[in-house]
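K.L.:
The structure follows.
Residue numbers (the numbering used here): 3 to 164.
So this is what it looks like as structure tokens:
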């Protein structure tokens with residue numbers, strides 16, 4: 003009995019544990035999100051999270067439960083969720099194949115959460131680290147969809163307040 007229980011426990015612990023995107027959103031993997039962004043001509047909102055990230059969980063529970071944020075981001079962005087520690091392979095717009103973790107390194111996802119806005123073609127617009135409030139995400143939406151990113155930095159747009 004103990005041997006069987008130990009075997010089940012060992013097997014369960016050996017299974018990969020994946021980070022999760024916020025509930026109720028249409029987050030997809032990178033490849034699907036890039037294709038969707040191009041087809042719908044929408045900017046990409048890329049969320050780097052990871053299993054066990056307390057700030058990711060806090061963001062999911064406090065910020066992404068705001069109905070206004072959900073409506074804005076579901077409507078106006080191609081939502082992509084990437085496990086910052088994941089080994090899943092994906093294809094960059096250049097055709098290069100890398101892992102999710104390698105993409106995280108390239109985009110500076112050394113801590114989570116990290117939020118990245120990109121053009122529909124996958125070009126970096128801006129990246130924002132750490133927990134952010136619903137009001138922060140409303141400001142980022144105005145910055146991206148208002149075209150302000152084409153003429154000023156996010157910090158300038160926000161009046162030099164992070």
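Built from N, CA and C at the ideal position, the CB exists for glycine as well.
1) Residue 2 lies in the beta strand (DSSP E); which residues open and close that run?
2) What residues in its chain sit with their C-beta under 7 Å from that of residue 13, if we drop five residues either side in the sequence?
3) Can you check whether the CB of residue 94 is closer than 8 Å to the CB of residue 100?
4) Taking 8 Å as the CB-CB cut-off, is residue 109 touching chain D?
5) Please identify the residue among 140, 155, 120 and 46 whose C-alpha is closest to the C-alpha of residue 68.
6) Going by C-alpha distance, which of 45, 27 and 34 is nearest residue 148?
7) Taking the alpha-carbon positions, what's the residue 43 to residue 129 distance?
P.N.:
Reading off the structure:
1) Outside the displayed span of the chain (3 to 164) sits residue 2, for which this structure offers no information.
2) Against the chain shown, residue 13 aligns to sequence position 11. Below a pLDDT of 50, predicted positions are generally treated as unreliable, and residue 13, at 40, falls in that range; no measurement from the model is reported.
3) The count along the chain shown starts at 1 and reaches residue 100 at position 98. The count along the chain shown starts at 1 and reaches residue 94 at position 92. Contact flag set, yes.
4) The structure shown contains no chain D; it is built from a single protein chain.
5) On the chain shown, residue 68 is found 66 positions in, with the first residue counted as 1. Ranking 140, 155, 120 and 46 by Cα distance to residue 68 puts 140 first.
6) To locate residue 148, count along the chain shown from 1; it is residue 146. Of the listed residues, the one whose Cα sits closest to residue 148 is 45.
7) Numbered from 1 along the chain shown, position 41 holds the residue referred to as residue 43. Numbered from 1 along the chain shown, position 127 holds the residue referred to as residue 129. Roughly 20 Å between the two C-alpha positions.
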